[in-house]
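Here's the structure we're looking at; comments come further down.
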Amino acid sequence: MRKTLLATTLLTALGASALPALAAECDITVGLVMELTGPAGEYGQAGAKAVEMAFRDVNEAGGVDGCKLVTDTRDSQSQGNVAVDQATQLVNIKKVPVVIGGIISSVSIPILTSVTAPAGVVQVSPASSSPTLTALGREGKTNGVFFRTITSDALQGTAAAKYALDQGLKKIAIIHVNNDFGVNMVREFKAAFEKLGGTITSVTPYNEKQANYSSEASAAMQGDPEALYLVSYPVDGATIARAWISGGGAAKFLLNDGMNSSEFIESVGAQYLNDAFGTSSGTSPTASTEYFNGNFEAFSGGIKADAPAADRSYDAGAIVALAIAKAGKPEAAAIKAAIPQVVAEGGEPIHAGKDEFAKALALIKEGKPVKYEGVIGPVSFDQYGDITGPFRLWRIQDGTVTTVGEMSADEVGKIKAETEK
Numbered sequence: 031m032r033k034t035l036l037a038t039t040l041l042t043a044l045g046a047s048a049l050p051a052l053a054a055e056c057d058i059t060v061g062l063v064m065e066l067t068g069p070a071g072e073y074g075q076a077g078a079k080a081v082e083m084a085f086r087d088v089n090e091a092g093g094v095d096g097c098k099l100v101t102d103t104r105d106s107q108s109q110g111n112v113a114v115d116q117a118t119q120l121v122n123i124k125k126v127p128v129v130i131g132g133i134i135s136s137v138s139i140p141i142l143t144s145v146t147a148p149a150g151v152v153q154v155s156p157a158s159s160s161p162t163l164t165a166l167g168r169e170g171k172t173n174g175v176f177f178r179t180i181t182s183d184a185l186q187g188t189a190a191a192k193y194a195l196d197q198g199l200k201k202i203a204i205i206h207v208n209n210d211f212g213v214n215m216v217r218e219f220k221a222a223f224e225k226l227g228g229t230i231t232s233v234t235p236y237n238e239k240q241a242n243y244s245s246e247a248s249a250a251m252q253g254d255p256e257a258l259y260l261v262s263y264p265v266d267g268a269t270i271a272r273a274w275i276s277g278g279g280a281a282k283f284l285l286n287d288g289m290n291s292s293e294f295i296e297s298v299g300a301q302y303l304n305d306a307f308g309t310s311s312g313t314s315p316t317a318s319t320e321y322f323n324g325n326f327e328a329f330s331g332g333i334k335a336d337a338p339a340a341d342r343s344y345d346a347g348a349i350v351a352l353a354i355a356k357a358g359k360p361e362a363a364a365i366k367a368a369i370p371q372v373v374a375e376g377g378e379p380i381h382a383g384k385d386e387f388a389k390a391l392a393l394i395k396e397g398k399p400v401k402y403e404g405v406i407g408p409v410s411f412d413q414y415g416d417i418t419g420p421f422r423l424w425r426i427q428d429g430t431v432t433t434v435g436e437m438s439a440d441e442v443g444k445i446k447a448e449t450e451k
């Protein structure tokens, strides 16, 4: 009897000690490489929280076969070399099947070329819009593992050119961040703007993290431009805008998507930005949009739902989560194949939030198709991992960013085709 009790006690103790290990083994870890600090820190902080919210919602819906999705989040510091180091640790040591990130192209590209593509690990960027990423896909250098929930700058530059002219901005100076994103955006913008009848008085690149940009602002003022096209990030962009205004530049601005930022507006001063216009990869509102806008700020601890990259980061997290469920295992090759399937035409429409994800997980378990319709709208991926969608046209008025219109992908595509003739 005593031996039996001892054996039972021992087995019970072993079972109890094994429970945390078993629970940990059931966790499915997804790597996040986000720009939590540095010039793009505002994007990365919002993006990381949005992915966490998507995973929270899926976990509360039952998780993936009862297993919990967790993130291992690393800070790229907005630097490509740091990002590569962090992604290498996630892929080679933590053995994650998916990396979500980076936010900016100068982080995502080196992760892709140095880490995820060679390893065959899926990479999903919420906000890297450089056309270089499409070119890498066309050249067969992505191993088919790259996806992004933002449209390419090849089209956004064209949309920005048309929007600028529609607002009467016909003579523009350009200051742009001197990286892959900035160079590509300006190239596309310049081609379209000049073809459509606009005049570019100067193009001035800048290097990041400078304390002062007076020389760049002064150089850009040559030729008496009537407005400035500022392709930047919120922190450096605010410093440049202040230098432009204090140097006598016209308080008329065209801005890229990432400058849709309360931090930028507050730092420059709302009174100087009433003639500021911008374009963003657009959204077609769905039930997911309403859910996200109503819940993200409380979940994130105060980050607003319209923070740069927040909406499309939630979608990146949701798509990854559903793809893992569809794959039936946390293996990169299976997840890569499943990602297009969870947003494909013909599936049952699924939206954001616990209840919708519970419905999706049940359908996936039954072998039925689902189509996630995201915060940014319904998306689908082409063979290079790109999405197509409308462009949002916005302006800043009294310190508030307001959507004033939309330009369809078809319209932008037609303009681009005409400018390339």
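If you count the sequence shown from 1, position 283 lands on 313 in our numbering, and the numbers rise without skipping. Each residue gets a CB set at the ideal place from its N, CA and C atoms; glycine is no exception.
Through-space distance from residue j to residue i, alpha-carbon basis
i: valine 373; j: alanine 346; result: 11 Å
i: glutamine 427; j: alanine 147; result: 43 Å
i: serine 292; j: isoleucine 270; result: 16 Å
i: glycine 74; j: alanine 348; result: 17 Å
i: alanine 388; j: alanine 353; result: 14 Å
i: alanine 351; j: alanine 367; result: 13 Å
i: lysine 395; j: asparagine 173; result: 28 Å
i: alanine 364; j: lysine 451; result: 42 Å
i: leucine 284; j: alanine 306; result: 6 Å
i: isoleucine 406; j: isoleucine 333; result: 18 Å
i: alanine 84; j: proline 399; result: 20 Å
i: lysine 200; j: glycine 419; result: 26 Å
i: aspartate 266; j: glutamine 240; result: 8 Å
i: alanine 91; j: leucine 391; result: 8 Å
i: glycine 61; j: valine 88; result: 17 Å
i: asparagine 304; j: histidine 206; result: 21 Å
i: glutamate 238; j: cysteine 97; result: 42 Å
i: glutamate 8; j: phenylalanine 421; result: Residue numbering for the chain in the displayed model covers 31 to 451; residue 8 lies beyond these limits and cannot be assessed.
i: methionine 437; j: tyrosine 243; result: 33 Å
i: phenylalanine 181; j: glycine 187; result: The sequence shown places threonine at residue 181, not phenylalanine. Approximately 11 Å between the Cα atoms of the pair.
Proximity winner among the options, relative to residue i (alpha-carbon distances)
i: asparagine 379; options: Pro161, Leu393 and Val145; result: Position check: residue 379 holds proline in this sequence, whereas asparagine was assumed. It is Leu393 whose Cα lies nearest to the Cα of proline 379.
i: glutamate 72; options: Phe85, Leu99 and Asp105; result: Asp105
i: leucine 226; options: Ala203, Leu258 and Ala189; result: Ala189
i: asparagine 290; options: Gly96, Val431 and Asp254; result: Val431
i: asparagine 209; options: Ile134, Asp412 and Gly167; result: Ile134
i: glycine 429; options: Ala91, Gln197, Tyr302 and Ser136; result: Tyr302
i: serine 343; options: Thr179, Phe211 and Ser244; result: Thr179
i: glycine 415; options: Val94, Ser158, Lys220 and Thr313; result: Ser158
i: aspartate 95; options: Pro264, Gly68, Ala357 and Glu441; result: Ala357
i: serine 262; options: Glu320, Val126 and Ser136; result: Ser136
i: alanine 317; options: Ala337, Asp341 and Ile230; result: Asp341
i: serine 108; options: Leu163, Thr143 and Leu66; result: Leu66
i: alanine 257; options: Ser244, Thr313, Pro264 and Leu195; result: Leu195
i: serine 276; options: Glu246, Gly288 and Asp287; result: Glu246
i: glutamate 441; options: Thr162, His381, Gly324 and Leu185; result: Leu185
i: alanine 268; options: Thr319, Gly93 and Gly288; result: Gly288
i: glutamine 413; options: Val100, Ala362, Thr164 and Lys125; result: Thr164
Identified DSSP bridge partners for residue i
i: glutamate 163; result: In the sequence as presented, glutamate is not what sits at residue 163; that position holds leucine. The partner list for leucine 163 (beta bridge, DSSP) is empty, contrary to what the question assumes.
i: glycine 58; result: Note on identity: in this sequence residue 58 is isoleucine, with glycine being the wrong assignment. Leu99, per the DSSP bridge assignment.
i: phenylalanine 177; result: Val154
i: phenylalanine 421; result: Ser311 and Met437
i: proline 379; result: Lys401
i: glycine 104; result: Looking at the sequence provided, one finds arginine at residue 104 rather than glycine. Note: arginine 104 sits in a beta bridge opposite Val63.
i: tyrosine 414; result: Tyrosine 414 is not bridged to any residue.
i: serine 135; result: Paired residues: none, contrary to the question.
i: serine 232; result: Ala203
i: glycine 407; result: Gly404
i: leucine 260; result: Ile205 and Leu285
i: alanine 306; result: Phe283 and Ile426
i: threonine 432; result: Arg425
i: valine 442; result: According to DSSP, valine 442 bridges with nothing at all.
Cβ-Cβ distance between residue i and residue j below 8 Å
i: threonine 59; j: alanine 78; result: no
i: valine 298; j: arginine 272; result: yes
i: serine 330; j: glutamate 375; result: no
i: valine 145; j: valine 128; result: no
i: valine 63; j: glycine 167; result: no
i: proline 156; j: alanine 339; result: yes
Distance cut-off 7 Å: residue i Cβ against heavy atoms of the ligand NAD
i: glycine 132; result: Absence of the ligand NAD from the depicted structure is noted, as is the absence of any ligand whatsoever, leaving it without description.
Below-8 Å beta-carbon distance, residue i vs any chain D residue
i: methionine 289; result: Reference to chain D is not applicable here, since this structure consists of a single protein chain.
Assumed close pair residue i, residue j - CB separation to whole angstroms, cut-off 8 Å
i: serine 160; j: isoleucine 139; result: 7 Å
i: alanine 149; j: valine 114; result: Not confirmed; about 12 Å, so no contact.
i: phenylalanine 223; j: aspartate 183; result: Actually they do not touch by this definition, with Cβ atoms about 14 Å apart.
i: phenylalanine 219; j: tyrosine 259; result: 7 Å
i: phenylalanine 176; j: isoleucine 369; result: Actually they are not in contact, since the Cβ atoms of phenylalanine 176 and isoleucine 369 sit about 10 Å apart, beyond 8 Å.
i: alanine 328; j: methionine 251; result: That belief does not hold up - the Cβ atoms of alanine 328 and methionine 251 are roughly 44 Å apart, past 8 Å.
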